[in-house]
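Keeping their order, the protein sequence lines are chains A and B.
Every position in the first sequence, counted from 1, becomes a number in the working numbering once 9 is added.
Every position in the second sequence, counted from 1, becomes a number in the working numbering once 9 is added.
We put the beta carbon where it would ideally sit given N, CA and C, even for glycine.
Protein chains: 2
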Amino acid sequence: MSDALMEVLSGIDRLEGAEVSARATSYWDASPMEAEAIYLPRSTADVSRILAACNDAGRKVVVHGGRTGCADGVASNAGDIVLSLEKMNAIEEIDPIGHVAVVEAGVILETLQDAVADAGLFLPMDLGARGSCTIGGNIATNAGGVNVIRYGMMRNLVLGLEVVLPDGRVLSSMKRMLKDNAGYDLKQLFIGSEGTLGVVTRAIVKLEPAVSQRETALAALSSYADVTALLSLAKARLGAALTSFELMWGDYYRAVCDGLGLRAPLDRAHPFYVLIETEANAQGANSEAFMALLEEAMTSSVVKDGVIAQSEQERREIWRIRDDFEPILREKPVYLFDVSMPVTDMDGYIDKVRRALTVLADDAVLHVFGHIGDGNLHLFAHPGKGAAAAPERRRAVEECVYEPLRHIEGSVSAEHGIGREKKEWLSVSRSEDEIAMMKMLKKSIDPNNILNPGVVFDL
Amino acid sequence: MSDALMEVLSGIDRLEGAEVSARATSYWDASPMEAEAIYLPRSTADVSRILAACNDAGRKVVVHGGRTGCADGVASNAGDIVLSLEKMNAIEEIDPIGHVAVVEAGVILETLQDAVADAGLFLPMDLGARGSCTIGGNIATNAGGVNVIRYGMMRNLVLGLEVVLPDGRVLSSMKRMLKDNAGYDLKQLFIGSEGTLGVVTRAIVKLEPAVSQRETALAALSSYADVTALLSLAKARLGAALTSFELMWGDYYRAVCDGLGLRAPLDRAHPFYVLIETEANAQGANSEAFMALLEEAMTSSVVKDGVIAQSEQERREIWRIRDDFEPILREKPVYLFDVSMPVTDMDGYIDKVRRALTVLADDAVLHVFGHIGDGNLHLFAHPGKGAAAAPERRRAVEECVYEPLRHIEGSVSAEHGIGREKKEWLSVSRSEDEIAMMKMLKKSIDPNNILNPGVVFDL
């Protein structure tokens with residue numbers, strides 16, 4: 010069967026044997042990649058041929074973008090066919106009037122960000138893996154990142170999409186318009202379905218005007234009620250200019266500042282720290298509003314102390330506390346979680362998780378920060394020194410983190426997706442009928458279950 | 010069968026006979042409504058019972074919101090069951106911290122706008138039918154309206170959704186988060202599918218901060234190239250503060266000003282007029298940027314003449330030219346179209362339509378304005394005095410308007426949807442494979458084809 014497949018797919022670049030195992034499984038897993046072959050299509054027609062052939066032969070296909078996903082979505086077995094979009098990496102067009110970019114799926118996010126910036130525009134999608142992740146992967150997983158409060162997730166940036174279905178048919182809707190109500194919006198099905206329904210090959214992405222000015226402040230607060238009060242105030246006073254509202258719990262702030270040996274910009278004793286940032290297209294457009302907001306928040310005692318970045322370097326120093334959580338990862342094992350919930354429930358939720366972890370082990374440690382304007386928290390849970398990094402211990406920690414989400418309509422994945430890692434927990438966030446509907450869609454569109462089987466759910 | 014249905018659905022409010030025909034078919038069609046009965050559920054459980062019973066009995070169900078849609082989606086026949094959401098009109102909650110509203114589908118848009126404003130927030134969805142249309146209808150049709158350039162379409166405002174499937178199952182995902190990647194985002198299937206896949210019963214809608222200041226200007230331009238130059242400049246200088254960029258072709262401007270007997274704020278001789286508006290959350294935040302933009306555009310001769318509204322009354326007078334197209338409707342018949350395309354193609358497209366109409370009749374008239382920041386044009390086509398308002402003549406005009414969209418990846422419906430009116434033209438904007446995929450979804454989710462059959466496409 011394999012020889013027949015090779016025959017049918019001759020002419021398409023292929024890696025085998027040592028070329029496969031020379032690759033790491035993913036950014037997170039350094040073990041050698043396993044696959045029968047990695048196909049490297051150069052065109053949508055190639056992708057179509059590969060999928061049609063695999064579908065006919067009933068062969069499983071694992072789709073690879075930049076392999077930086079955090080939910081174990083790309084692991085393959087020795088018998089699998091891997092389809093990597095890395096050679097479909099053309100930026101076909103950047104339209105400065107229509108404010109769109111036309112790209113192939115394999116373009117690296119940072120490459121596109123730079124090309125768009127060179128054209129005097131701004132691609133709002135940004136996340137830590139920017140140097141490795143691909144636009145196709147961003148679309149397949151509905152990536153989030155650091156600009157969601159202002160610009161939305163990847164779904165909001167996709168105007169046109171080309172997808173190859175499991176049977177090789179090409180569903181092309183390469184449209185450039187914000188408004189298009191001609192029948193069902195099929196692209197929505199594929200965005201965020203983690204490569205289980207089709208392979209994204211090309212896209213048209215919405216661009217934004219370049220940002221010419223940013224204002225950044227760090228504020229210390231004494232209660233969670235003050236945090237939500239500041240969020241409401243910031244939204245009211247800054248509107249669309251508000252681009253970041255990042256909350257750090259006090260122990261996170263202390264762990265990072267101490268661990269990195271930083272001169273903490275604000276006293277370490279506060280229970281909460283908020284990093285707040287605005288952007289404007291015209292120099293100075295929001296400076297006054299930003300200053301007025303901070304003054305108002307301090308006068309009314311919502312904010313206890315604060316500091317405003319006076320230079321790009323000071324801005325970077327503030328952001329480093331939020332970004333550089335390396336000290337928190339030192340005590341092994343540490344499990345990273347990505348949950349979302351109504352902003353009003355966050356404080357109570359974190360208390361619950363903390364208590365549950367303490368029951369698990371006296372010396373368990375939890376560090377938390379969140380894009381709380383988006384409803385998104387990231388948790389770093391260390392189950393205590395005595396704990397082995399065994400699957401059972403990990404599962405116990407997952408239970409502490411995921412179970413309390415059930416009663417507050419929270420999500421087990423805000424932005425990372427389900428992959429293989431969280432499928433056991435999907436039912437915390439989705440009803441039986443919802444999961445049945447997902448499976449029905451999968452079976453209808455991929456009846457032979459060849460595309461990323463076992464990702465999101467098992468059939 | 011009907012008696013059996015009545016029996017099963019006893020206890021749910023129902024209109025019959027004269028109570029049915031006392032209603033108009035729709036806002037656009039005053040003829041008496043036809044239906045076997047209109048059911049008026051008061052709860053999601055009622056909707057579930059109605060659909061399950063109709064599905065078991067193989068009865069067609071036509072779903073009614075405010076019946077203001079522009080694509081003939083609500084017409085029913087004497088044997089149909091109509092399901093009207095009008096009694097499910099509770100605003101369950103407005104959360105001033107989470108910035109969401111929890112509503113039943115039958116809430117009138119304007120009622121919700123007002124309640125949200127009373128809570129000190131802003132619901133960005135707005136359109137002409139605000140006093141009659143419902144949130145459920147806005148969601149089912151993915152409504153657009155006047156704030157899309159800044160806030161997106163209805164799809165972008167829906168965080169949580171509850172839908173009843175044709176077999177009566179309730180698919181409830183009443184989430185409040187901007188970020189939720191727990192499996193397929195099923196709500197996207199139902200938003201914009203025009204009631205053919207499920208009945209929207211409740212929703213959680215994203216709210217925005219109140220707007221405290223608007224700046225409005227009218228500019229005259231001498232070429233379409235200048236129009237796109239001004240659009241690029243306005244986006245670059247104003248960013249998210251830009252909320253409207255409405256283009257009127259010269260003959261539209263003249264027809265409205267002359268027909269209404271208005272003192273035209275700018276000379277009537279220009280080929281293009283742009284209404285440009287910004288908003289800010291803080292008093293004065295964007296005034297300077299707005300003035301600087303207009304000065305720059307006039308200095309560089311992109312704008313030939315301009316006027317800035319100095320009061321709310323002057324603002325209304327400018328908007329009236331854009332909004333009050335009643336004079337254009339005087340020469341009967343006039344057909345209204347709602348198309349979208351890349352902004353760079355609009356000028357050439359309008360030339361093509363104009364030429365095609367002239368071939369149809371020497372005295373055919375075309376008036377055009379558009380939300381061009383959204384890629385959306387509205388066309389008013391009068392096929393000439395000699396023309397009867399016959400279906401054939403209408404079809405000929407449709408051909409003039411829709412056929413040129415084929416080659417520019419345009420859409421036959423930007424915001425109004427397909428309904429029954431445009432299904433013949435769906436193939437201009439969607440490929441055979443796309444339409445096949447839509448039908449496959451419909452057959453999978455509504456195997457008995459009971460929900461709004463004949464809307465979007467025929468099976």
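- Query: Should P218/B be flagged as near chain A, meaning a C-beta pair shorter than 7 Å?
  - Reply: yes
- Starting from the beta carbon of N385/A, find every residue of chain B whose beta carbon is closer than 7 Å, and list them in chain order. K188
- Task: Please name the residue or residues paired with F199/A in a DSSP beta bridge.
- Result: In the DSSP output, where bridge partners are listed per residue, F199/A has none listed.
- Message: Would the region 376-384 of chain B count as touching the region 153-168 of chain B if we require 3 or more Cβ pairs under 8 Å?
- Response: yes
- Query: In chain order, which continuous runs of the beta strand (DSSP E) of length 3 or greater are located wholly inside the region 369-395 of chain A?
  - Reply: 374-380 and 385-391
- Message: Are the CB atoms of V437/B and V421/B within a distance shorter than 7 Å?
- Response: yes
- Task: For V173/B, collect the residues of the same chain with a Cβ closer than 7 Å to its Cβ; drop the 5 residues on either side in sequence, then sort them by chain order.
- Result: T53, V56, S57, L60, V179, G207, V208 and T210
- Message: With a threshold of 7 Å between beta carbons, is E441/A in contact with chain B?
- Response: no
- Query: Mind pulling the alpha helix (DSSP H) runs of 4 or more residues that sit fully within the region 71-151 of chain B?
  - Reply: 118-127 and 144-149
- Item | Inter-residue Cα distance where the pair is L388/A and F378/A | 7 Å
- Task: Assign L516/A to one of two classes, buried (16 or more other C-beta atoms within 10 Å of its C-beta) or exposed (fewer than that).
- Result: In the structure as shown, chain A begins at 10 and stops at 468. Residue 516/A is therefore absent and cannot be evaluated.
- Message: What does the alpha-carbon distance come out to for the pair E25/A and D12/A?
- Response: 13 Å
- Between the Cα of A87/A and those of R51/A, I117/A, A44/A and H108/A, spot the shortest distance and give me the residue it belongs to. A44/A
- Is the shortest distance between the beta-carbon of G4/A and the beta-carbons of chain B less than 7 Å? As displayed, chain A neither begins before 10 nor continues past 468, which places residue 4/A out of reach and without an answer.
- Thinking C-alpha only, which one of L121/A, E430/A and L242/A is nearest S310/A? L242/A
- Task: For R277/A, count neighbouring Cβ atoms within 10 angstroms of its own Cβ and tell me buried if that reaches 16, exposed if not.
- Result: exposed
- Distance between R263/A and E171/A (C-alpha atoms, nearest Å): 46 Å
- How about M300/B: is its C-beta nearer than 7 Å to some C-beta of chain A? no
- Query: Excluding the five sequence neighbours on either side, which residues of its own chain have a C-beta within less than 7 Å of the C-beta of M10/A, listed in chain order?
  - Reply: Unreliable placement is indicated for M10/A, whose pLDDT of 49 sits below 50; the coordinate value is still reported in the next sentence. Excluding residues within five positions, the ones whose Cβ falls inside 7 Å are A66.
- Message: Helix, strand or coil, according to DSSP, for M186/A in the structure here?
- Response: coil
- Query: Run through DSSP, which three-state label would A33/A get?
  - Reply: strand
- Does DSSP classify M10/A as helix, strand or coil? The predicted model places M10/A with a pLDDT of 49, which falls under 50 and marks its position as unreliable, so this point remains unresolved.
- Message: Tell me which residues of the region 416-437 of chain B have at least one Cβ-Cβ distance to chain A shorter than 9 Å, keeping chain order.
- Response: E418, G419, S420, V421, S422, A423, E424, H425, G426, I427, K431, K432, W434, L435 and V437
- Whole-angstrom C-beta distance between N190/A and A273/B, which should lie under 8 Å: That belief does not hold up - the Cβ atoms of A273/B and N190/A are roughly 33 Å apart, past 8 Å.
- Residues bridged to S253/B by DSSP? E286/B
- Starting from P274/B, find everything on chain A with Cβ-Cβ shorter than 9 Å and list it in chain order. Those do not exist, as P274/B stays about 26 Å from chain A at its closest Cβ, beyond 9 Å.
- Item | C-beta contact flag for H108/B and L216/B at 7 Å | yes
- Item | Where S241/A meets chain B, residues with beta-carbon distance less than 7 Å | P105 and I106
- Query: Cβ of S436/A versus every heavy atom of the ligand NAD: is any distance shorter than 6 Å?
  - Reply: In the structure on display, the ligand NAD does not appear, and there are no ligands present to speak of.
- Query: Whose CA, out of G357/A, M447/A, L435/A and V343/A, lies closest to the CA of P400/A?
  - Reply: V343/A
- chain B contact residues for D194/A, given Cβ-Cβ distances below 8 Å: N151, R164, Q197, I200 and G201
- Would you call the CB atoms of A128/B and I103/B closer than 7 Å? yes
- Return the bridge partner residues of L227/B from the DSSP annotation. L284/B and V316/B
- Task: Using a Cβ cut-off of 7 Å (strictly closer), state whether T287/A contacts chain B.
- Result: no
- Task: Can you check DSSP and say which residues form a bridge with K215/A?
- Result: V109/A
- Item | Amino acids of chain A, ordered along the chain, whose beta-carbon sits closer than 7 Å to that of R325/B | Those within 7 Å of R325/B in chain A number zero; the least Cβ separation is about 23 Å.
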